[in-house]
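Protein chains in written order, with our numbering: chain A, 579 to 833; chain B, 286 to 507; chain C, 37 to 655.
Backbone N, C-alpha and C fix where the C-beta goes; we use that ideal spot for every residue, glycine too.
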Amino acid sequence: MGRPLKFNIFRYNPEDPASVPHMESFHLEETDAMTLYIALNRIREEQDPTLMFDFMCRAGICGSCAMMINGRPDLACHTKTKALPAEINLMPLPVFKLIGDLSVDTGTWFRNMNERVRSYIHTDKVFDPNADEERMSNELADEIYELERCIECGCCVAACGKANMVPNFMGATAFNRVARFMMDPRDQRKTDDYFEIVATDDGIFGCLGLLGCEDVCPKDIPLQDQLGMLRRKMGWASVRHLFDKILPGGDAKKK
Amino acid sequence: MMSDQTAVAQVQPVRTEAYLDFLQMLSGVALVMFMWAHMILVASVNLDLGGGRVMNWIAHFFEATYMAQIGGPMIALVMLAHFVLAARKLPFKAREQKEMWRHSVRLNHLDTWLWVIQAVTAFIILIMGCIHMWTVLTDLPITAQKSGARIQGGWWMLFYIFLLPMIELHVGIGAYRIGVKWGWIKRSNRQFFHGLENKITLIFITIGVITLFTFYVLVKPM
Amino acid sequence: MDTFYTDLLCVGAGLAGERVAVAAASQGFETICLSIVPPRRSHSSAAQGGMQASLGHCCMGEGDCPDVHFADTVKGSDWGCDQEVARMFAETAPIAVREMAFWGIPWNRVVAGKGTYYKGGKEYEKIEKKEKEGLITARDFGGTAKWRTCYTSDGTGHTLLFTMDNEVVRLGVTVHDRVEAIALIHDGETCMGVVARCLKTGKLRNYLAKATLIATGGYGRIYRETTNAVINDGSGAIIALDTGIVPIGNPEAVQFHPTGIVPTNILVTEGCRGDGGTLKDVNGERFMHIYEPGKQELASRDVVSRWMTHHIRLGKGVPSPYGPHLWLDIRHLGEKHIKTKLREVEEICNEFLGVDPITQMIPVRPAQHYSMGGVRTNKDGAAYGLKGLFSAGEAACWDMHGFNRLGGNSLAETIVAGKIVGEKIAEFLQGYEVDFKTAVVKDAVKKQEERIDRIIKGADGKENVYEVRNAMQDQLMDYVGIFRNGEDLKKAVDNLQVIYERSQKVGLRSYSLGANPELALALKIRGMVRMALCVAYAALQRTESRGAHAREDYPERNDRDWLKRTLATWKEGDSLPTLEYEKPSKVWEIPPGERGYGVAKIICTEDPEVCGEKKPETN
Ligand SMILES: Cc1cc2nc3c(=O)[nH]c(=O)nc-3n(C[C@H](O)[C@H](O)[C@H](O)COP(=O)(O)OP(=O)(O)OC[C@H]3O[C@@H](n4cnc5c(N)ncnc54)[C@H](O)[C@@H]3O)c2cc1C
Ligand code: HEM
Ligand code: HEM
Ligand code: SF4
Ligand code: F3S
Ligand code: FES
Chain A
579 MGRPLKFNIF RYNPEDPASV PHMESFHLEE TDAMTLYIAL NRIREEQDPT
629 LMFDFMCRAG ICGSCAMMIN GRPDLACHTK TKALPAEINL MPLPVFKLIG
679 DLSVDTGTWF RNMNERVRSY IHTDKVFDPN ADEERMSNEL ADEIYELERC
729 IECGCCVAAC GKANMVPNFM GATAFNRVAR FMMDPRDQRK TDDYFEIVAT
779 DDGIFGCLGL LGCEDVCPKD IPLQDQLGML RRKMGWASVR HLFDKILPGG
829 DAKKK
Chain B
286 MMSDQTAVAQ VQPVRTEAYL DFLQMLSGVA LVMFMWAHMI LVASVNLDLG
336 GGRVMNWIAH FFEATYMAQI GGPMIALVML AHFVLAARKL PFKAREQKEM
386 WRHSVRLNHL DTWLWVIQAV TAFIILIMGC IHMWTVLTDL PITAQKSGAR
436 IQGGWWMLFY IFLLPMIELH VGIGAYRIGV KWGWIKRSNR QFFHGLENKI
486 TLIFITIGVI TLFTFYVLVK PM
Chain C
37 MDTFYTDLLC VGAGLAGERV AVAAASQGFE TICLSIVPPR RSHSSAAQGG
87 MQASLGHCCM GEGDCPDVHF ADTVKGSDWG CDQEVARMFA ETAPIAVREM
137 AFWGIPWNRV VAGKGTYYKG GKEYEKIEKK EKEGLITARD FGGTAKWRTC
187 YTSDGTGHTL LFTMDNEVVR LGVTVHDRVE AIALIHDGET CMGVVARCLK
237 TGKLRNYLAK ATLIATGGYG RIYRETTNAV INDGSGAIIA LDTGIVPIGN
287 PEAVQFHPTG IVPTNILVTE GCRGDGGTLK DVNGERFMHI YEPGKQELAS
337 RDVVSRWMTH HIRLGKGVPS PYGPHLWLDI RHLGEKHIKT KLREVEEICN
387 EFLGVDPITQ MIPVRPAQHY SMGGVRTNKD GAAYGLKGLF SAGEAACWDM
437 HGFNRLGGNS LAETIVAGKI VGEKIAEFLQ GYEVDFKTAV VKDAVKKQEE
487 RIDRIIKGAD GKENVYEVRN AMQDQLMDYV GIFRNGEDLK KAVDNLQVIY
537 ERSQKVGLRS YSLGANPELA LALKIRGMVR MALCVAYAAL QRTESRGAHA
587 REDYPERNDR DWLKRTLATW KEGDSLPTLE YEKPSKVWEI PPGERGYGVA
637 KIICTEDPEV CGEKKPETN
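Structure follows, in structure tokens:
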């Protein structure tokens, strides 16, 4: 006999004018190695087929299933019920637009984010199909991969007080993406180009250092270190620029 | 097909927000430095067990060199500037405040609470700090005896006992968060600095309490 | 109702769909991608291992070239592939990999000097050359003569997909995510786009396109136990099959993987067994040495899967709430080995099972893994039967995999096929005009509206969609699995026909406006059962064993009678697919022979077109 589990799940269907946001309870008996993926699917198939939530890979790699689990954003598919108390509260991620119940629209948000940080290699080189690839040290490749591991789940955004207050705030995932391209020698962008993208109050200077992002990221991306690096780089760039402007001969030093 | 980034690079980005954030950090650092120095000044009254010779000497030094007369208002100005700069990050709209509060309660996450504490203490400090500075600076020179008299009046004692932890929390958290925001505190050493922040805050509150005790009990008012 | 016009419509925004979109968009064609999930969540992101391309930079890959890759692919396919396509594929793969590097993939690179690797629990040494330092390196995968699998740590699919989507963003390609295509719009000759359902609002939409691409990935979810993602239910193949014209190629060619974890069938790598892990049964006893005294646990994927299933059927499985399973035991490899060389496995076990593989055994059983079959296309990616319809990626039967795909060849297929097919589509679009016949479009939409209406009202019955799905999955798991035989397959076909009837009587249990997850499944279930029948029926007909299709009652590969590809279509009103056959290849660079692994009983063909006059043809 497994533990009896009680799930309090947020219910609201914005498409239905008659729907009002409320919490609804469901009961299940816990089974071995039960995850929220298994539990939610059982609830949908056995109790309420209208329950909305998102799963895709159910293996912690696609980022679909982030939700607020007892108040913390995390991936539902890798959350074992064994690690939770017998009463489990599930809410949709805040900040993102609600589609229904536990399902939110992360797709639009992240596409917008990717456009905003121009998340692609900027180069004026042209691909030559007959030439060997540009060389790179394996160490650097690993470092880039470390930041590239973000799965765009949105947990860091949901856990960020600033993003909750200011919907236009870029969020740690965006800063991480910028940092990833900054360290990539294939990208020819200069500090000024990045400056224009992130050095605003909706960007890195809006970050309050709350570190919710750092503490919830299910992929354990070193977000804190990227945020600090970015602010320092951007801050110094502006100070250097100021000195160049006010000190005599400063402008000449620039390329 | 290739990107247009070369064209983009020609346009100089707007830098205002970068400057302001930088100044916010500088004002923060300056105020932290001041508060610690201020604590040393005030706590010097303990050195001769409330006799006041050391404190009076230091106070006299500052006044004789006009550092108190000029520095006092300067500090007030920095504080004002700091307030204006930092307040840009504060939620003034009701919706924002509500969201932030809801978020903090829901997430129940230490560093988020730290920020909330800082934001709340900021307002308390702004008001109480101004009252305090006005009182002290309009009644120069500073002497241990005068201060003792003020504090032994009772109301000022309460005033300081309340203000002290506010200040130390705001300052300690502020210093920690400057480290975080500007990348000096990293994932690898965050635990250490977090502990350090707690210790420093505690130490300063202890010194402050001892000092207040000295003023209240040991100092002979004029 | 919203109608969108575009030059190219990519149904599917995984690696294949996006690569095609990028090819067309960079030539200036207006392109829209549809996807059930945000594009970066497509299942391509789940591939961890790597992709094959014969760069030959690393020392264990020295001397590799497209010829060797081609030969491996043909052998792997058990001569079921289209050799012209396999050739094109092998030649293009290195370019495609380098192009992805140009776009930003942090491929792992050659590190000069000494290194070690593991095989069979033993450690070996290798020395990388100085002059190759910094070039893309490769790792070892089953069935290849050289180390050829390019990778980025444990996230190859993830980095590929993110980089591809970066290109999509750069080129400004429109992506409509959470939109599911539910029917093709066509007049029997030309494809004009799709009717789709918005999964945010539940509303129907029209997409009218000069060219339509199906790149919807695999259909593993018709099986209950599969490593595939939950959306891989074959909806792309279904809408093609529903036309009654476009055939599904080789539906019976389904690959299984021996070690999916129980309950959720997440894949754990073959490396576990490669490094010396053992399989155990309910009594904690090994069994592979009884069935395969030679290679034991290290026999090929399909062989191990087969014996595991057999052993479970003997009642030696470990009972669990999720059905019987076996144990994978890697405890004896030791903490150090597990924490360094099998880190990924340790993470999966800890995160998803709460099992510590250093002290506990891992519950595993074989799971469906890959569908070689799919929408049949020619070498340009054009689907049979409808003009303006294309397909690429796992959804397609372009046919470089034949009856068995090699590990690492499918990620490679997505970007290679994407590149080639994308360019062909761009050629096709040049100056091409199509008349979007209003009547046809209206009719297509009306049909879907009516269907939805009937399902909501339960006008045809009140069958529970989840029960129907489970019944279908049980049939495939039990009778059309890794092991196949005439009797079981017959049973499956019969039972599935009954289930097919039920699938047409599905009605919703409760109605909600908007996306409605139950309705989304209800709209697909009939097609899923059709696909299941295609698989089962084609498997029943194919009385031989080839690649992943293993018949106990016909253990030999029969090139004399079965050197041909199945083409399954579904005529409206029928309860079984119509099967036709075609020769798998026009070109026979490598005539059928022995693979060098697996069971090698072959009934030879004497077809001169295939064998030549003893001398192999080249192109
Ligand atoms: C666990 C696992 C590990 C693997 N590892 C490897 C490996 O190491 N190496 C290797 O080479 N291969 C591997 N594979 C196989 C490989 O990952 C896939 O074959 C390949 O990624 C398929 O890519 P795709 O673009 O064809 O489809 P997918 O990436 O599955 O994309 C399908 C797209 O179609 C969309 N879609 C589906 N239906 C509809 C519809 N009706 N309307 C609109 N959109 C729709 C989806 O939203 C998605 O965007 C692995 C597979 C699995 C399951
Ligand atoms: C230049 C400006 C300042 C001067 C000259 C000054 C001076 C003094 C003096 C003389 C005392 C002793 C108590 C008394 O006389 O009432 C004191 C105590 C104190 N001051 Fe200030 N002060 C200044 C600014 C500030 C500011 C800006 C703050 C904070 C907002 C502050 C917070 C305090 C506190 C909390 C105490 C009590 C210390 C204790 O715990 O012992 N002061 N200050
Ligand atoms: C002498 C008194 C004060 C000291 C020593 C002090 C110190 C600091 C420090 C060091 C920081 C961190 C700065 C940073 O994060 O960049 C900070 C932040 C802040 N301060 Fe003060 N401060 C004082 C008074 C005030 C006052 C009067 C206000 C006014 C309301 C205020 C409001 C804030 C706010 C809102 C922040 C957070 C800003 C952010 O997170 O970006 N502070 N303070
Ligand atoms: S940084 Fe981490 S938490 Fe944020 S989106 Fe990426 S993986 Fe999720
Ligand atoms: S939580 Fe938010 S405020 Fe900054 S440190 Fe993380 S982005
Ligand atoms: S379902 Fe993919 S991360 Fe959870």
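Its Cα nearest to that of A/Leu680, the residue A/Pro670 stands out among A/Trp687, A/Pro670, A/Phe688.
Assignment of alpha helix (DSSP H) within the region 323-389 of chain B, counting only whole runs of 4 or more residues, yields 338-349, 352-372 in chain order. The region 91-103 of chain C makes no contact with the region 61-80 of chain C; the number of CB pairs closer than 8 angstroms stays below 3. By the neighbour-count definition (other C-beta atoms within 10 Å, threshold 16), C/Met87 is a buried residue.
Sequence-distant Cβ neighbours of A/Ile647 in its own chain, meaning closer than 8 angstroms and more than five residues away, are Leu614, Ala654, Thr657, Leu662, Ile666, Asn667, Leu668. Per DSSP, C/Tyr502 is not a residue of any beta strand (DSSP E); the alpha helix (DSSP H) it occupies stretches across 501-515. Spatial neighbours of C/Cys640 in its own chain (CB-CB distance under 7 angstroms, excluding positions within 5 residues in sequence) are listed in chain order as Asp595, Arg596. B/Leu395 sits in a helix when the DSSP states are folded into three classes.
Excluding the 5 residues flanking it on each side, C/His325 has same chain C-beta neighbours closer than 7 angstroms at Gln332, in chain order. When C-beta atoms of the region 102-112 of chain C are compared with those of the region 276-286 of chain C, fewer than three pairs fall below 8 angstroms, so the two segments do not count as touching. When Cβ pairs closer than 8 angstroms are counted between the two stretches, the region 449-465 of chain C is seen not to touch the region 137-150 of chain C, the count staying below three. Proximity of the region 264-279 of chain C to the region 234-254 of chain C meets the contact definition, three or more beta-carbon pairs being nearer than 8 angstroms.
Taking 9 angstroms as the Cβ-Cβ cut-off, the region 621-641 of chain A approaches chain C at Arg622, Glu623, Glu624, Asp626, Pro627, Thr628, Leu629, Met630, Phe631, Asp632, Phe633, Met634, Cys635, Arg636, Ala637, Gly638, Ile639, Cys640, Gly641, given in chain order. At least one CB of chain A lies nearer than 8 angstroms to the CB of C/Trp139.
Within the DSSP secondary-structure output, C/Leu249 pairs in a beta bridge with C/Cys46, C/Phe426.
Leaving aside the five residues that flank A/Ile775 on each side, the residues in its chain whose CB is nearer than 8 angstroms to its CB run, in chain order, Arg694, Val695, Arg696, Val756, Gly781. The DSSP-derived three-state label of C/Val411 is strand. Taking C-alpha positions only, C/Met228 is separated from C/Val571 by approximately 28 angstroms.
In this structure, DSSP gives A/Phe585 an extended state, which the three-state scheme calls strand. Within the same chain, and ignoring the five residues on either side of B/Asp333 in sequence, the residues whose Cβ sits closer than 8 angstroms to its Cβ are Val339.
Look at A/Pro627 here: in three-state DSSP terms it is coil, with no helix or strand label. In this structure, A/Val794 has its beta carbon less than 7 angstroms from a heavy atom of ligand 4. A/Glu593 and A/Pro745 have their C-alpha atoms spaced approximately 22 angstroms apart. Fewer than three beta-carbon pairs drawn from the region 760-769 of chain A and the region 729-737 of chain A are found closer than 8 angstroms, and the two stretches are therefore not classed as touching. Cα atoms of B/Met385 and A/Lys740: separation of roughly 8 angstroms, rounded to the nearest angstrom. At a beta-carbon threshold of 9 angstroms, the residues of chain C lying near A/Ile616 are Pro299, Thr300, Tyr358, ordered along the chain. Just so you know, the alpha carbons of C/Gly550 and C/Lys236 end up roughly 7 angstroms apart. For C/Thr263, the closest C-alpha among the options C/Arg233, C/Gly438, C/Ser356, C/Ile297 is that of C/Ile297. Using a 10 angstroms sphere on the CB of C/Ala448, the tally of other CB atoms reaches 16 or more, which defines it as buried. Around the CB of B/Asp396, 16 or more other CB atoms lie within 10 Å, so the residue is classed as buried.
Taking 8 angstroms as the CB threshold, C/Glu387 lines the interface with chain A. Assigned with DSSP and collapsed to three states, C/Lys162 falls in strand. A contact is defined here as three or more CB-CB pairs under 8 angstroms, and the region 307-326 of chain B meets this definition with respect to the region 453-469 of chain B. Ranked by Cα distance from C/Ala428, the options C/Asp38, C/Asp43, C/Thr395, C/Ala59 are led by C/Ala59. Taking non-hydrogen atoms of ligand 5 into account, the C-beta of A/Leu786 is found less than 7 angstroms away from one of them.
Take the alpha-carbon of C/Gly97 and the one of C/Ala126: they are about 15 angstroms apart.
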